[in-house]
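With my numbering applied, the sequence shown corresponds to residues 912 to 1247, in that order. Cβ atoms here follow ideal geometry from the backbone N, Cα and C, with glycine treated the same way. In this text, all values refer to a predicted model and were calculated from it rather than measured experimentally. Here's the structure we're looking at; comments come further down.
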Amino acid sequence: MKDYTLGEFLIEENREGFSHSTEALLRLFSSIKLASKAIHKEVNKAGLTKEIIGGSGITNVQGEKQQKLDDFAHRAFIESFKSRNVVCGIASEESKDFIVIKGKQENIKNQYIVLIDPLDGSSNIDVNVSIGTIFSVYLRKSSIRNNLTIEDFLQKGNQQILAGYIIYGSSTILVYSTGNGVHGFTLDPSVGTFYLSHYNLRFPKTEKIYSINEGNYAKFPSGIRKFIRYCQEKKGNRPYTARYIGSLVGDFHRNLIQGGIYIYPKTASSPEGKLRLLYECNPMAFLSEQAGGKASDGKKKRILDIVPTELHQRTPFVCGPTEIVSKLEEFMVNYE
Ligand code: P6P
């Protein structure tokens, strides 16, 4: 499939039903590709240049120590969206409030809202573990004649028009869906082009992996603890493997390809869970459903139906093949 570039695929796919203009789609992805290539370059030399690894000295809105690459990635996406005249507003993990992008007033193309985690899993940068960008795109709700409002950003996940991630690992892969399946494109750094490498990704039927931070075992609800035991017992020849690298994009991508469930539940110390609804869970839930799976809060509440109330709100999060996610939900309902 190497000869099919992301741009060509977008044009072809758009003929089959993306309900927005091809030009808008291409502008959106042009921004995303530009920023991701810049981040790819920095990530791949992070071990060599002291000025790009380590903390920036800033604590972000999450109360987490911002890494220098977090800040670099945040700025790279802001600048690339500003220059392509297609996005009117951005909400980022690295910024407390949303950011307005003033297009030329007569330019009605700036109707898209982007919510983004510019560099997820950045605590792994210094130890050379895969990290990633997660993005979620909506149409603005407010009239183009008025200013953007917070309601433009607090839309339910089922309103997303596209979502995806870029994983910066052994190779840099952009994975997205506009609602017509999930497709992956691998960057050929020698020519700076993303080529189709994973057409119509779907969770394998036989899942083999469960991903959860078992260091929190003592703080999990009993339903989660019993589900973990269920995965570990060989009953009915159920050979699950535990895989968890502490990078949502890395764990999700491996589970999507090899078959597995990802769980970040509520714990005694984090009753709302840790992951952010708008720019981590909603995009990954959109992709999970497009890949034939499901995503919920662990108690049968579909992630994409949650009504957001604030930009950085968190939610317990489970995603993966439908059958195993439903099995976890059973444990949560029966044992809480
Ligand atoms: P813990 C990274 O900070 C992140 O948001 C996700 O990428 C990752 O899955 C999770 O947090 C890891 O959290 O508590 O297991 O270290």
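Euclidean distance between Cα positions of residue i and residue j
{"i": "V1011", "j": "I1001", "result": "7 Å"}
{"i": "I1036", "j": "K956", "result": "11 Å"}
{"i": "L1073", "j": "K1130", "result": "35 Å"}
{"i": "V1251", "j": "G1075", "result": "Past the boundaries of the shown model lies residue 1251; the chain is included only from 912 to 1247, so the question cannot be answered."}
{"i": "I1045", "j": "G1126", "result": "25 Å"}
{"i": "G1043", "j": "S1034", "result": "11 Å"}
{"i": "N1291", "j": "T1220", "result": "Given that the chain is displayed from residue 912 to residue 1247, the structure contains no residue 1291 and the question cannot be resolved."}
{"i": "T933", "j": "C999", "result": "18 Å"}
{"i": "Y1106", "j": "L1098", "result": "6 Å"}
{"i": "F1096", "j": "H931", "result": "21 Å"}
{"i": "L1050", "j": "T1178", "result": "34 Å"}
{"i": "N1069", "j": "N1057", "result": "24 Å"}
{"i": "K1211", "j": "I1135", "result": "14 Å"}
{"i": "A984", "j": "S1006", "result": "12 Å"}
{"i": "E1234", "j": "L1198", "result": "16 Å"}
{"i": "F1009", "j": "I1061", "result": "8 Å"}
{"i": "T1152", "j": "S1122", "result": "9 Å"}
{"i": "F988", "j": "P1029", "result": "7 Å"}
{"i": "Y1155", "j": "F1163", "result": "10 Å"}
{"i": "G1032", "j": "I943", "result": "19 Å"}
{"i": "K1238", "j": "K1205", "result": "12 Å"}
{"i": "S1053", "j": "P1227", "result": "30 Å"}
{"i": "L1026", "j": "D981", "result": "15 Å"}
{"i": "A946", "j": "E1247", "result": "42 Å"}
{"i": "L1188", "j": "S1082", "result": "27 Å"}
{"i": "I1078", "j": "H1094", "result": "13 Å"}
{"i": "I1217", "j": "L1085", "result": "26 Å"}
{"i": "Y915", "j": "Y1023", "result": "26 Å"}
{"i": "E953", "j": "K979", "result": "10 Å"}
{"i": "F1064", "j": "E1241", "result": "32 Å"}
{"i": "G1213", "j": "V1229", "result": "The question names Gly, but residue 1213 is Arg in the sequence shown. Distance between the alpha carbons of R1213 and V1229 is about 10 Å."}
{"i": "V1102", "j": "V1048", "result": "27 Å"}
{"i": "G1293", "j": "Y1190", "result": "Lying before the first or after the last residue shown, residue 1293 is absent from the chain, which here runs from 912 to 1247."}
{"i": "Q1066", "j": "H1223", "result": "13 Å"}
{"i": "G1157", "j": "Y1173", "result": "11 Å"}
{"i": "D1208", "j": "T1104", "result": "37 Å"}
{"i": "N1245", "j": "S1181", "result": "21 Å"}
{"i": "K1119", "j": "N1039", "result": "25 Å"}
{"i": "P1176", "j": "S1108", "result": "32 Å"}
{"i": "Q1201", "j": "N1111", "result": "9 Å"}
{"i": "E1004", "j": "A935", "result": "24 Å"}
{"i": "Q1143", "j": "S1133", "result": "15 Å"}
{"i": "G1080", "j": "L1186", "result": "21 Å"}
{"i": "L917", "j": "V1236", "result": "31 Å"}
Residues bridged to residue i (per DSSP)
{"i": "K993", "result": "In DSSP, K993 forms no bridge with anything."}
{"i": "F1105", "result": "L1098"}
{"i": "S1041", "result": "Paired residue(s): none; S1041 is not in a bridge."}
{"i": "A1206", "result": "C1230"}
{"i": "S1122", "result": "Y1173"}
{"i": "V998", "result": "Y1023"}
{"i": "L1186", "result": "For L1186, which the question treats as bridged, DSSP gives no partner whatsoever."}
{"i": "R1213", "result": "S1207"}
{"i": "I1010", "result": "I1001"}
{"i": "S1088", "result": "A1074"}
{"i": "D982", "result": "Answer by DSSP bridge pairing: none, since D982 is not bridged."}
{"i": "L1112", "result": "V1093"}
{"i": "D914", "result": "Looking at the DSSP assignment, D914 forms no beta bridge with any residue, so it has no partner."}
{"i": "R1225", "result": "R1187"}
Proximity test, residue i beta-carbon vs ligand 2 heavy atom, cut-off 6 Å
{"i": "N1124", "result": "This structure does not include ligand 2; its bound ligands are ligand 1."}
Neighbour flag for residue i against chain D, beta carbons, 7 Å
{"i": "S1108", "result": "Here chain D cannot be found, since the structure has a single protein chain."}
Three or more C-beta pairs closer than 8 Å, one from the segment 1153-1172 and one from the segment 1104-1120: is that the case here? The segment 1153-1172 is in contact with the segment 1104-1120.
Quick test of the definition: if touching needs 3 or more C-beta pairs under 8 Å, does the segment 1089-1108 touch the segment 913-921? In the pairwise beta carbon analysis, the segment 1089-1108 is classified as touching the segment 913-921: at least three pairs are separated by under 8 Å.
Would you say the segment 977-997 touches the segment 929-940, given that touching needs at least three Cβ pairs under 8 Å? Using a C-beta cut-off of 8 Å, the segment 977-997 makes contact with the segment 929-940, since at least three inter-stretch Cβ pairs fall below that distance.
Should the segment 1186-1202 be regarded as contacting the segment 1134-1143, the criterion being three or more beta carbon pairs within less than 8 Å? No: fewer than three Cβ pairs fall under 8 Å.
Every unbroken alpha helix (DSSP H) inside the segment 916-952 [4 residues or more]: For the segment 916-952, whole alpha helix (DSSP H) runs of length 4 or above, ordered along the chain, are 917-926.
Please give me, in chain order, every unbroken run of the beta strand (DSSP E) with length at least 3 that falls completely inside the segment 1142-1175. Within the segment 1142-1175, complete beta strand (DSSP E) segments of at least 3 residues are found at 1171-1175, given in chain order.
Return the chain-ordered ranges of every beta strand (DSSP E) run that is complete within the segment 1036-1086 and spans a minimum of 3 residues. Runs of the beta strand (DSSP E) spanning 3 or more residues and lying entirely within the segment 1036-1086 occur at 1042-1050, 1073-1079, in chain order.
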